[in-house]
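Read top to bottom, the protein sequences are chains A and B.
Position one of the first sequence corresponds to residue 1 (our numbering), numbered consecutively onward.
Position one of the second sequence corresponds to residue 1001 (our numbering), numbered consecutively onward.
Every residue gets a Cβ at the ideal spot worked out from N, C-alpha and C, and that includes glycine.
Let me begin by presenting the structure, written as structure tokens, before commenting on it.
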Amino acid sequence: MLARLRRPWSDRRAEFTLGAAACLVAVGIGLMILFVASRAWPTFSHEGLSWLGSGGNTDSQVGAMQSTSAHPPASAYYFRAWPLIYATLLTTGFAVLFGLAIALAASIFIVQFAPGPVHRIMKPVIRLLAAVPSVLYGLVGILVLVPFINNNLITAGDKSSVAYVVELTGTGLLVSVVILTLMITPIMTALITDALESVPRAWREGAIALGLNPLRATMTVSLRAIRPAIVGATALATARAIGEAIVLSMVSGGRAFTPKFQDGLIVLFEPLKPLAAEIVQQAENLSAPALRSSMYACALLLLFSSFVLSLAAYIVRIPMRRYQVSN
Amino acid sequence: MASAESLSARRLEAPRHRRGRRSSLRSWRLRDQVMFVLAWTVGLGLCLVAATFVVFYAVEGIRYLHPSLLFTHPAPAVTQSQSGGFLDPIEGTVILAALGIAIALPVAVTAAVWAVEYGRPRALARIVESSIEIIAGTPDIVLAIFGLALFQLGVFAPFSMGEPGGAYGRSFLAAGAIMSLVALPSVYTATRNGLIATPRQLREASYALGKTHIATIRRVVLPAVRRDIATGSTLGLGRIIGDTAIVLVLLGGTLRIQTESSTPVLGLFRGVGSTLTSFIYDYSPSGDGNQPQKAYAAAFILLLMVLILNWLVGRIARIGGPPLHEERRLGA
């Protein structure tokens, strides 16, 4: 303590100023979480945690909330978000699953097998794709993929078979998953490629000298060494997919419908609406108190899940750090 | 570097190596052969998808892009020939990016300098670090409606357009402030990594000359990490111009820029407008406009901007030789 006081005054003043500014950032983020939580509180106080469950038509519940007065009765807060949560889980789950498989195969290809020129072209291209604004992916989805699916993949029989329940227009689960996969794969590939390239050459060469073929050496030595990086990349991609609002509000169909797997292949074309897309659609109507509170509750759920996700990734990575070559 | 080495080695003993490799591939187990083919297929497939994506936007963009679109104001019209260009969205993108990075840059650099150079008490430094990780993981739509609630508070009424019933909560200033949160993590991470990688000798030489810690930071360390800060800011700019949700919610999404008052700068900052991303969203079939040709043309401009920023990131990294920490590694 005394040693710190002996340092020159200008230095201590600078430390204090910089520290105060840095803490302001932390305080601001804390306030953000509290603020969103306080806006979401009415929903929690009226509905408890049961708003996470299912019951009734979510779209008509939201519609009813739009027209409530400034001081709505407790019954106006009735809201069941399960179709939205289910849609988020479904799209994110499939997209991350496919994205991870593609990213692993592609980064092994880039690092181990790609000939020189291909290797030199692919790395910047992947980087570019990772930086492309998501609305451009959404535009391709809605202007190219949706009409294609509507005209070529959905038959008139499919449409009439579910006509009483839901209208098939081409938007839905399939396009959402394809576009979301397209969006998150480049980020995962870029991160995994960087990690694979930082594996010391001697490790792989040792494995090859012991008689493994190059692919086996990659699978057993390199991939194991970069496990923390794979977990980190997956967590980042999952967070992106959960929070993606614009793209999914463009191609998901915008109906709070739970796709039914018992419908067979038609499930691929059934519309849905994830949490983030619902918030975008209702952003104009936030002056109605009940609706506002419900939307902030959805936002809090998104915030909470991205927080849990990064915490989980951090905890999972701890025991893996023993053999890691990069974070 | 590793790939260049292996490449030259491969070229030196090409004939023998190639025969050996091919025969060994035949001796692989079936599962490994399948995996090998799969890796090639997926890799080439990804190349193909990427090429299709870029070429598609280039073709559609050049087909519908007319130079006059860049200089005419958008106008509400039903037909694509009368709805004007996208001068306002381009201006909006530039203003918002400048505003966002102007707020994010000092905050992020200050936080990074404090966390790396001082960082006491340790627990506080960890909290700052994790809170920046939390913003990095927060979905942009959550940031957007947080910003809306914040700027609708009476205290912040002077920062956005006036409305009879209270604060409107939408303006360039509101959107820029929230956009700075989008860019903050990139600038922070790049600055922090640069500071950590700065060689010890550099600081010690400065201390030996009698400089204080803060003078060393200002005169020696910060100039040494200038390039990292520039890279981080460029990445942050890329994230700002690519963001749609915050613009839709917080910038009002009006076609033309509307200033709040005739005061030159303040009136604009309190006004509302649109950016290229919200323009594309509005003119896609899911928005109100539904004029795909305009959307494609604007998308091409946006893609060009991202390409330029991407190129800049690589370019900045190569200015004036290898970075300091790599020089040290070469010398050691």
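Cβ-based neighbour list, residue i, same chain, cut-off 6 Å, excluding 5 preceding and 5 following
{"i": "A:G172", "result": "G253, F269, E270, P271"}
{"i": "A:V280", "result": "A245, S249"}
{"i": "B:A1190", "result": "D1228, T1231, G1232"}
{"i": "B:A1098", "result": "none"}
{"i": "B:R1203", "result": "T1216"}
{"i": "B:D1140", "result": "D1243, A1245, I1246"}
Beta-carbon contacts of residue i that lie in its chain and below 8 Å, excluding the five residues immediately before and after
{"i": "B:T1234", "result": "L1309, L1312, V1313, I1316"}
{"i": "B:V944", "result": "The displayed coordinates of chain B run from 1001 to 1332. Any statement about residue 944 of chain B would go beyond what the structure contains."}
{"i": "A:V166", "result": "R255, F257, E270, P271"}
{"i": "A:S134", "result": "M183, E244, I246, V247"}
Residue i vs residue j beta-carbon contact at 9 Å
{"i": "B:A998", "j": "A:A276", "result": "It is not possible to answer for residue 998 of chain B, since the shown part of chain B is limited to 1001 through 1332."}
{"i": "B:R1270", "j": "B:S1180", "result": "no"}
{"i": "A:A130", "j": "A:I187", "result": "yes"}
{"i": "B:F1036", "j": "B:L1046", "result": "no"}
{"i": "B:I1090", "j": "B:L1105", "result": "no"}
{"i": "B:Y1188", "j": "B:A1108", "result": "yes"}
{"i": "B:L1148", "j": "B:V1249", "result": "yes"}
{"i": "B:G1100", "j": "B:G1176", "result": "yes"}
{"i": "A:L52", "j": "A:A20", "result": "no"}
{"i": "A:S305", "j": "A:T189", "result": "no"}
{"i": "B:V1225", "j": "B:T1198", "result": "yes"}
{"i": "A:T58", "j": "A:F79", "result": "yes"}
{"i": "A:V36", "j": "A:A209", "result": "no"}
{"i": "A:S293", "j": "A:V62", "result": "no"}
Beta-carbon neighbours of residue i, restricted to chain A and to distances below 7 Å
{"i": "B:M1035", "result": "L215"}
{"i": "B:F1146", "result": "M32, F35, V36"}
{"i": "B:T1277", "result": "P133, V135"}
{"i": "B:T1198", "result": "The contacting residues do not exist; B:T1198 stays about 17 Å from chain A at best."}
{"i": "B:A1245", "result": "A245, I246, V280"}
Residue i at chain B interface by Cβ criterion, 9 Å
{"i": "A:Y296", "result": "yes"}
{"i": "A:S306", "result": "yes"}
{"i": "A:G254", "result": "yes"}
{"i": "A:A283", "result": "yes"}
{"i": "A:I230", "result": "no"}
{"i": "A:P289", "result": "no"}
{"i": "A:I121", "result": "yes"}
{"i": "A:R127", "result": "yes"}
{"i": "A:Q66", "result": "no"}
{"i": "A:T58", "result": "no"}
{"i": "A:R321", "result": "no"}
{"i": "A:P83", "result": "no"}
{"i": "A:A106", "result": "yes"}
Within chain B, the residues that residue i reaches when beta carbons sit closer than 9 Å
{"i": "A:F94", "result": "By Cβ distance, chain B contributes nothing, its closest Cβ being about 17 Å from A:F94, past 9 Å."}
{"i": "A:P8", "result": "T1212, H1213, I1214"}
Same chain, Cβ closer than 7 Å to residue i, neighbours up to 5 away in sequence not counted
{"i": "B:L1330", "result": "Low confidence applies here, because B:L1330 scores a pLDDT of 44, under 50, leaving its location unreliable and the question unanswered by this model."}
{"i": "A:L104", "result": "I192"}
{"i": "A:L301", "result": "L275"}
{"i": "A:V316", "result": "V231"}
{"i": "B:A1115", "result": "A1125, V1128, E1129, R1192"}
{"i": "B:S1186", "result": "G1232, L1235, G1236, R1239"}
Neighbour list for residue i in chain A, Cβ cutoff strictly below 8 Å
{"i": "B:D1140", "result": "G243, A245"}
{"i": "B:V1220", "result": "Ordered by position in chain A, no residue passes the 8 Å Cβ test against B:V1220, which lies about 14 Å from the chain."}
{"i": "B:Y1118", "result": "E15, L18, G19"}
{"i": "B:Y1281", "result": "V135, G138, I246, M250"}
{"i": "B:T1231", "result": "Simply none; closest approach about 13 Å."}
Chain A residues whose Cβ lies nearer than 9 Å to that of residue i
{"i": "B:A1098", "result": "Within chain A, no residue comes near B:A1098; the closest Cβ sits about 18 Å away, beyond 9 Å."}
{"i": "B:S1131", "result": "V25, A26, V27, G28, I29, G30"}
Proximity test, Cβ basis, 9 Å: residue i and chain A
{"i": "B:A1125", "result": "yes"}
{"i": "B:Y1296", "result": "yes"}
{"i": "B:F1151", "result": "no"}
{"i": "B:G1314", "result": "yes"}
{"i": "B:Y1064", "result": "no"}
{"i": "B:I1095", "result": "no"}
{"i": "B:A1039", "result": "yes"}
{"i": "B:D1088", "result": "no"}
Contact set between residue i and chain B, taken where Cβ atoms lie within less than 8 Å
{"i": "A:I142", "result": "S1284, P1285, S1286"}
{"i": "A:I184", "result": "Simply none; closest approach about 13 Å."}
CB contact check: residue i to chain D, cutoff 9 Å
{"i": "A:A74", "result": "This model lacks chain D altogether, as its protein chains are A and B."}
Listed by chain order, chain B residues near residue i by CB distance under 7 Å
{"i": "A:S310", "result": "E1133, G1137"}
{"i": "A:L340", "result": "Outside the shown range of chain A, which is 1 to 327, sits residue 340 of chain A, and nothing can be said about it."}
{"i": "A:A233", "result": "The contacting residues do not exist; A:A233 stays about 13 Å from chain B at best."}
**OP:** Kindly provide the ranges of any alpha helix (DSSP H) runs that are 4 or more residues long and lie completely inside the stretch 99–166 of chain A, ordered along the chain.
**Re:** 116–131, 134–140, 156–161
**OP:** Report the residue ranges of all alpha helix (DSSP H) runs contained in full by the stretch 1086–1163 of chain B; include only those spanning at least 4 residues, in chain order.
**Re:** 1087–1113, 1122–1137, 1140–1151
Subject >> 3-residue-minimum beta strand (DSSP E) runs that sit fully inside the stretch 1183–1257 of chain B, ordered along the chain >> reply: none
**OP:** Could I get the ranges of all uninterrupted alpha helix (DSSP H) runs contained in the stretch 185–255 of chain A, with 4 residues as the minimum, in chain order?
**Re:** 201–209, 214–217, 227–243, 246–251
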